[in-house]
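*Asks:* To start, I am sharing the structure in question, which I have written as structure tokens.
Structural data, given as structure tokens:
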């Protein structure tokens, strides 16, 4: 259960409805997922968040490819333990072509990183001088 | 300062020295960074960790490319707040060709993901049924 | 499902029942929420925890106001990803007068903080000398 | 040491210099702290981040007061273990009038919240039905 | 709901079936819990993970006793907010003899540690020189 | 650098000095580490925290042994990324007899737990019914 109401289309304010229209147009799909419906009670934050996410996920010249971007999003979400975000971005990564083998490779990486993160923290390993940016 | 001694080459046990030789051969570089030197006091764990990392980072057929793998490693390390891991994997990503623009795009993504992770947790947004794996 | 039994009033030990009576008296409400019912199996820890929380949340001369205190509690709970705590403290903040606009401002702040936390960690920004306490 | 270069005023691009000018004007101080200097290598993200933070921290009608906002920022930063953010926002909270007693009350709250977060997670306490938003 | 399918015995690949047979033999029980069933879609990672966990949990000469090992596992899982892991390792600790009083002592410790972790981070307490490993 | 002043013995208030005397008597050592010196600016919280820690760490009849308790404290501290706490509790565990082999076994466990925590979160593995407490 959410700490706010999950708004249906017919309950949206005009500003929120406009954002939903842009989400639908940008994604080419009529489906608007719950994160936007739970945020719709606050149109200014809904607008700011959607604009930010849209900009971040938009392709850039010589930039990262769309699947890599979803995998980075998923990695942060797993490490932060965000259930909703893991579920939604795994689904989006699949929609962008993530194969079962790539998912398995991702899980393997996230496990190895979590494990060596714990190692470096437990041993308080000092940063090597050569890593310094000149 | 570390919670264990950072071993120099001449202090290594024979088993640890063997792992260091393999690290050097695998990476084609004489440099062995501190995470391995801090773990060298425990040869069985050094061996297990190096074998695991080597396997995870090795290229797979139809697998993720090496830079994407470093970016996923970096993303987990940032979210876990592991200073050593952020420093070392950012350096490794640069060595594998990460441009300044790609680094900036990565930072943008990690910030957006952290932000929407907090959003979904604060609102306790319920997972959409359509995300279910059939 | 909990990892311990959630005790009903009639299952309480005398020491636990005394704490429940104090919770009811302090809050002026007959309702005792599940965190206390799940902790009731261990009366000494129940007593220590309730005394600590009661002291922390009690008004202090020239101290923070009750709503600010709930918002700080909520902020920590979101960042730690504690579902129960987010739900219970959001409800308590509302009971203490949090408006919908204040909730939205809180969510905005928590998102911004999470985002710039990730930024500072990803860039390993060094602390400015001027922040030093003299 | 940072993973990027910390730019001095004379190294800024024109777009970054413009943001720095706005930071100085908004805060009424010539000092620009390192988080902005470390982000200055990427003007679009610098602009987006500064605009977001400026909007979030700006006073709203019937909104939270400036010190409460800093305390929420600090609370998230402590829970996320972000050293830079704890240092900078503690300094900013003091600049906005946080007394030693308020700081102590804040620390007390963050400790209590962290402790009961761990409690609820260890016991997997189920959310009470009454917390549901109707 | 999981982000992958939870495989039943009759859906396992031959390699996964072999791991399940070893889990059953090692534990002396026919029950195989969901973490292995959710990982079974990727036999190489299933094998690597099971071998690692089996090695880590196996008794060592002059090593930690089995219950202490489960308690450490539980402590990490609580701090990382991993619901599945808290549930499964609490059950396993009980199966290995954890009493109600020991569970309560564990919860007390995890709460105290979480609380003083927040304290040290909020105050940015510097590490004492005497803790240095010579 | 700390966000508060680290008090020397001659700067303590009478109430703080009394706590320091009890720390010295309880531990049988003249050394008082920085966490208490950084907290000494707030005597009520210093007293509450020391009393809590002293109670938690005191031996209980049929309770966990002192080294196990330090290991649980260390495990939480690693997972929370608390540098001060990892350093201080590793030193205390050594003072209570932790051998190099036990430290290595601890590190191995923390790495495995962090890794399988990430696994369960990435796959969103559902909790098995049999783990339910009846």
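Residue numbers (this note's numbering), protein chains in the order written: chain V, 3 to 136; chain U, 3 to 136; chain A, 3 to 136; chain X, 3 to 136; chain C, 3 to 136; chain R, 3 to 136. Heads up, the beta-carbon is just placed ideally off N, CA and C, and yes, glycines get one too.
1. Buried or exposed: residue 30 (chain A), going by 16 or more other Cβ atoms within 10 Å of its Cβ?
2. Check for me: the alpha helix (DSSP H) holding residue 66 (chain V) runs from which residue to which?
3. Please report the distance separating the alpha-carbon of residue 23 (chain C) from that of residue 54 (chain C).
4. Under DSSP, the alpha helix (DSSP H) around residue 24 (chain C) begins and ends at which residues?
5. Sorted by chain position, which residues of the same chain lie with C-beta nearer than 6 Å to residue 131 (chain R)'s C-beta, five sequence neighbours on each side aside?
6. Can you tell me where the alpha helix (DSSP H) holding residue 58 (chain U) begins and where it ends?
7. Examine chain X for any beta-carbon lying closer than 8 Å to the beta-carbon of residue 83 (chain U), and answer yes or no.
8. Identify which residue in V:85, V:135, V:104 has its Cα closest to the Cα of residue 124 (chain R).
9. Let me know the secondary structure DSSP gives residue 96 (chain C) once reduced to three states.
10. Which same chain residues end up closer than 8 Å to residue 52 (chain U) when comparing Cβ atoms and leaving out the 5 residues on each side of it in sequence?
11. Taking C-beta pairs closer than 8 Å, name the residues in chain V that residue 121 (chain C) reaches, listed in chain order.
12. Using the beta-carbon of each residue, which ones in chain R are nearer than 8 Å to residue 5 (chain C)?
13. By the 10 Å Cβ neighbour count, where 16 or more other Cβ atoms means buried, how is residue 133 (chain U) classified, buried or exposed?
14. Can residue 87 (chain C) and residue 119 (chain R) be called in contact, C-beta distance under 8 Å?
15. For chain X, is any of its Cβ atoms less than 8 Å away from the one on residue 98 (chain A)?
16. Starting from residue 36 (chain X), trace the alpha helix (DSSP H) in both directions and tell me its first and last residue.
17. Spatial neighbours of residue 44 (chain X) within its chain, please: C-beta separation below 8 Å, excluding the five flanking residues on both sides.
18. So, with DSSP's three-state summary, where would you put residue 131 (chain X)?
19. In or out: residue 71 (chain C) buried (at least 16 other Cβ within 10 Å) or exposed?
20. Measure the alpha-carbon distance for residue 1 (chain V) versus residue 46 (chain X) and round it to whole angstroms.
21. To which residues of the same chain is residue 68 (chain C) closer than 8 Å at the C-beta, ignoring the five residues directly before and after it?
22. Tell me the rounded alpha-carbon separation between residue 18 (chain V) and residue 36 (chain V).
23. Can a CB atom of chain U be found closer than 8 Å to the CB of residue 134 (chain C)?
24. Does the Cβ-Cβ distance between residue 135 (chain U) and residue 112 (chain U) come in under 8 Å?
25. Counting only Cβ pairs nearer than 8 Å, list the residues of chain C close to residue 131 (chain A).
26. Examine chain A for any beta-carbon lying closer than 8 Å to the beta-carbon of residue 117 (chain U), and answer yes or no.
27. Along the region 57-71 of chain U, what residues have a CB closer than 9 Å to any CB found in chain V?
28. Alpha carbon to alpha carbon, what distance is there between residue 48 (chain C) and residue 40 (chain U)?
29. Please identify, using Cβ separations under 9 Å, the residues of the region 104-115 of chain C that lie next to chain R, in order along the chain.
30. Taking the C-alpha atoms as reference points, what is the distance between residue 78 (chain V) and residue 8 (chain X)?
31. Between residue 5 (chain R) and residue 126 (chain C), which are expected to be in contact by the criterion C-beta below 8 Å, what is the C-beta distance as a whole number of angstroms?
32. Give me the Cα-Cα distance between residue 56 (chain X) and residue 73 (chain A), rounded to the nearest whole angstrom.
33. Taking residue 94 (chain C) as the reference, which of C:110, C:75, C:108, C:107 has the closest Cα?
*Replies:* Once the coordinates are examined:
1. The residue you call residue 30 (chain A) lines up with position 28 of the third chain. So residue 30 (chain A) counts as exposed.
2. On the first chain, position 64 is the one that residue 66 (chain V) refers to. Taken as a continuous stretch (DSSP letters only), residue 66 (chain V) belongs to no alpha helix (DSSP H), as it is neither H nor E.
3. Against the fifth chain, residue 23 (chain C) aligns to sequence position 21. Against the fifth chain, residue 54 (chain C) aligns to sequence position 52. Those two C-alpha atoms are separated by around 16 Å.
4. Here the question's residue 24 (chain C) lines up with position 22 in the fifth chain. Start and end: 16-29.
5. Looking up residue 131 (chain R) in the sixth chain gives position 129. Once the five neighbours on either side are set aside, residue 131 (chain R) has no close Cβ partner at all.
6. Here residue 58 (chain U) refers to the residue found at position 56 of the second chain. Residue 58 (chain U) -> alpha helix (DSSP H) spans 45-59.
7. Here residue 83 (chain U) refers to the residue found at position 81 of the second chain. With 8 Å as the cut-off, residue 83 (chain U) counts as an interface residue toward chain X.
8. In the sixth chain, counting from the first residue as 1, residue 124 (chain R) sits at position 122. Out of V:85, V:135, V:104, V:85 has the C-alpha closest to the C-alpha of residue 124 (chain R).
9. Taking the first residue of the fifth chain as 1, we reach residue 96 (chain C) at position 94. Three-state result, residue 96 (chain C): helix.
10. Residue numbering aside, residue 52 (chain U) sits at position 50 when the second chain is read from its first letter. Excluding residues within five positions, the ones whose Cβ falls inside 8 Å are 21, 24, 25, 38.
11. Counting from 1 along the fifth chain, the entry for residue 121 (chain C) is found at position 119. Result: empty, since nearest Cβ-Cβ is about 18 Å, beyond 8 Å.
12. Numbered from 1 along the fifth chain, position 3 holds the residue referred to as residue 5 (chain C). Under the 8 Å cutoff, chain R gives 124, 125, 126.
13. Looking up residue 133 (chain U) in the second chain gives position 131. When all chains shown are included, residue 133 (chain U) counts as buried.
14. As a working note, residue 87 (chain C) is residue 85 in the fifth chain. As a working note, residue 119 (chain R) is residue 117 in the sixth chain. Yes, these two residues count as a Cβ contact at 8 Å.
15. Here residue 98 (chain A) refers to the residue found at position 96 of the third chain. Taking Cβ atoms only, chain X never reaches closer than 8 Å to residue 98 (chain A), which makes this a no.
16. Mapped onto the fourth chain, residue 36 (chain X) falls at position 34. Counting along the chain, the alpha helix (DSSP H) containing residue 36 (chain X) begins and ends at 36-41.
17. Along the fourth chain, one-based indexing puts residue 44 (chain X) at 42. For residue 44 (chain X), where only same-chain residues beyond five positions count, there are no Cβ hits under 8 Å.
18. Stepping through the fourth chain from its first residue, residue 131 (chain X) is reached at position 129. If DSSP states are grouped into helix, strand and coil, residue 131 (chain X) belongs with the helices.
19. Locating residue 71 (chain C) in the fifth chain gives position 69, where the first residue counts as 1. Label assigned to residue 71 (chain C): buried.
20. Only positions 3 to 136 of chain V appear in the structure, and residue 1 (chain V) is not among them; the question remains open.
21. Reading the fifth chain from its first residue, position 66 is the one you call residue 68 (chain C). For residue 68 (chain C), where only same-chain residues beyond five positions count, the Cβ hits under 8 Å are 59, 61, 98.
22. The sequence position of residue 18 (chain V) within the first chain is 16, counting from 1. The sequence position of residue 36 (chain V) within the first chain is 34, counting from 1. Straight-line Cα distance between these residues: approximately 13 Å.
23. Start at 1 with the first residue of the fifth chain, and residue 134 (chain C) comes out as number 132. Closer than 8 Å to some Cβ of chain U, the Cβ of residue 134 (chain C) qualifies, so yes.
24. If you number the second chain from 1, residue 135 (chain U) lands on position 133. If you number the second chain from 1, residue 112 (chain U) lands on position 110. Going by C-beta atoms, residue 135 (chain U) is not nearer than 8 Å to residue 112 (chain U).
25. What you label residue 131 (chain A) is simply residue 129 of the third chain in a count that begins at 1. The premise fails here: residue 131 (chain A) is roughly 14 Å from chain C at the closest Cβ pair, so nothing lies under 8 Å.
26. Residue mapping note: residue 117 (chain U) aligns to position 115 of the second chain, counting from 1. Chain A, which has a Cβ nearer than 8 Å to the Cβ of residue 117 (chain U), makes this yes.
27. 57, 58, 59, 62, 63, 64, 65, 66, 67, 69, 70, 71
28. Within the second chain, the letter at position 38 stands for residue 40 (chain U). Within the fifth chain, the letter at position 46 stands for residue 48 (chain C). Approximately 28 Å between the Cα atoms of the pair.
29. 104, 107, 108, 110, 111, 112, 113, 114, 115
30. Locating residue 78 (chain V) in the first chain gives position 76, counting from the first residue. Locating residue 8 (chain X) in the fourth chain gives position 6, counting from the first residue. Cα-Cα distance, rounded: 25 Å.
31. One-based indexing of the sixth chain puts residue 5 (chain R) at position 3. One-based indexing of the fifth chain puts residue 126 (chain C) at position 124. Rounded, the Cβ-Cβ distance is 5 Å, consistent with contact.
32. Sequence index remark: in the fourth chain, residue 56 (chain X) carries index 54 (1-based). Sequence index remark: in the third chain, residue 73 (chain A) carries index 71 (1-based). C-alpha separation (whole angstroms): 20 Å.
33. Working through the fifth chain from its first residue, we reach residue 94 (chain C) at position 92. Checked all of C:110, C:75, C:108, C:107; the closest Cα to residue 94 (chain C) is C:75.
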